Amino acid sequence: MLTYAFVPARAGSKGLPDKNILPIGGHPLLAYAIAFGRALNIDRVIVSTDSERYAEIARRYGADCPYLRGARASGDTAMEEDILADLAENLPRHGIPMPDIWIRLKPTNPFRSVDSVHAALDHLRTSPEIDSVRIVSQSDARVCVINRDGWLEPLLESWDRGRSVMRRSEFQDVFSPFNLDVLRHNLWLERGAAYMGQRIRAIVENKITGLDINDRDDFEIVKALIETKPRPSIVARYLIDP
Numbered sequence: 051m052l053t054y055a056f057v058p059a060r061a062g063s064k065g066l067p068d069k070n071i072l073p074i075g076g077h078p079l080l081a082y083a084i085a086f087g088r089a090l091n092i093d094r095v096i097v098s099t100d101s102e103r104y105a106e107i108a109r110r111y112g113a114d115c116p117y118l119r120g121a122r123a124s125g126d127t128a129m130e131e132d133i134l135a136d137l138a139e140n141l142p143r144h145g146i147p148m149p150d151i152w153i154r155l156k157p158t159n160p161f162r163s164v165d166s167v168h169a170a171l172d173h174l175r176t177s178p179e180i181d182s183v184r185i186v187s188q189s190d191a192r193v194c195v196i197n198r199d200g201w202l203e204p205l206l207e208s209w210d211r212g213r214s215v216m217r218r219s220e221f222q223d224v225f226s227p228f229n230l231d232v233l234r235h236n237l238w239l240e241r242g243a244a245y246m247g248q249r250i251r252a253i254v255e256n257k258i259t260g261l262d263i264n265d266r267d268d269f270e271i272v273k274a275l276i277e278t279k280p281r282p283s284i285v286a287r288y289l290i291d292p
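If you use the working numbering, the sequence shown corresponds to residues 51 to 292, in order.
Below is the structure:
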């Protein structure tokens, strides 16, 4: 089955400007996603960007970037569905056939597992009833919100306010689902389905794969992990260097 990775790399981040190409370990952040995609030994790694500067970086690190994405896929509210629609419209115009399977690699999630992605691909290749697979990491259900009056309140009603501590084992396991996606191309294009479909499998990975760079603090944490010498074993396990 023809398999591509797509790396969404919009240039217009407001929270952390140019976060997709910030330097870490001697390389722009984008390069780590490309290196991981190439390590999967799939058919193509395609960077979807609205910036010629980003496109030049992508090509330098071995990715395809045959065009700059359109306005619909470049705005602040653009979703992965918009990016895939943009790819479906433009790749054939550049002589690139559409794949059977897409792998989404966010530059801001630099820690990933090759074995988990191969397992996800095996699921889709051998089980036609599966729409997609998400690589997830375990999270904590014991979270609170600050209400409009400034008071701290538990998010879940099952939290007993009369106790000093609620053990994690007393709650259902919860997972962060935004680390990495593997999905069929025709799922949404031909069936008009939701982005991931309805029949979604999960592969649970180490919590480090859930680290996502959204602001300067996130960036400094990830930068410290990657640039620490000697490199921690967990970083070496989940990071592919360009």
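Positions of the beta carbon are idealized from the N, C-alpha and C atoms, including for glycine.
Note that the structure is a prediction, hence the values are computed from the model and not measured.
Query                                                                                                                                                              : Result
When the distance is taken between beta carbons, is MET51 closer than 8 Å to ARG175?                                                                               : yes
Compute the beta-carbon to beta-carbon distance between LEU230 and VAL272, rounded to the nearest angstrom, for a pair I have assumed lies under 8 Å.              : In fact, because the Cβ distance is near 16 Å, the residues do not count as touching under 8 Å.
Taking the C-alpha atoms as reference points, what is the distance between ASP53 and TYR111?                                                                       : The sequence shown places Thr at residue 53, not Asp. Going by the C-alpha atoms only, they are around 19 Å apart.
Give me the Cα-Cα distance between GLU203 and ARG60, rounded to the nearest whole angstrom.                                                                        : 36 Å
Starting from the N-terminal side, write out each stretch of the beta strand (DSSP E) that is 3 residues or longer and does not extend beyond the segment 118-196. : 151-154, 182-188, 194-196
Which of the three DSSP states, helix, strand or coil, is assigned to PHE221?                                                                                      : coil
Helix, strand or coil: how does DSSP classify TYR288 here?                                                                                                         : helix
At 3 residues or longer, what runs of the beta strand (DSSP E) sit wholly inside the segment 254-290?                                                              : none
Under 8 Å, do ASP114 and ILE96 count as touching if we go by C-beta distance?                                                                                      : yes
Using DSSP bridges, identify the partner residues of VAL215.                                                                                                       : None; VAL215 has no bridge partner.
Does TYR245 come out as helix, strand or coil in the three-state DSSP assignment?                                                                                  : coil
Would you report the Cα separation of ARG119 and GLY200, rounded to the nearest angstrom?                                                                          : 42 Å
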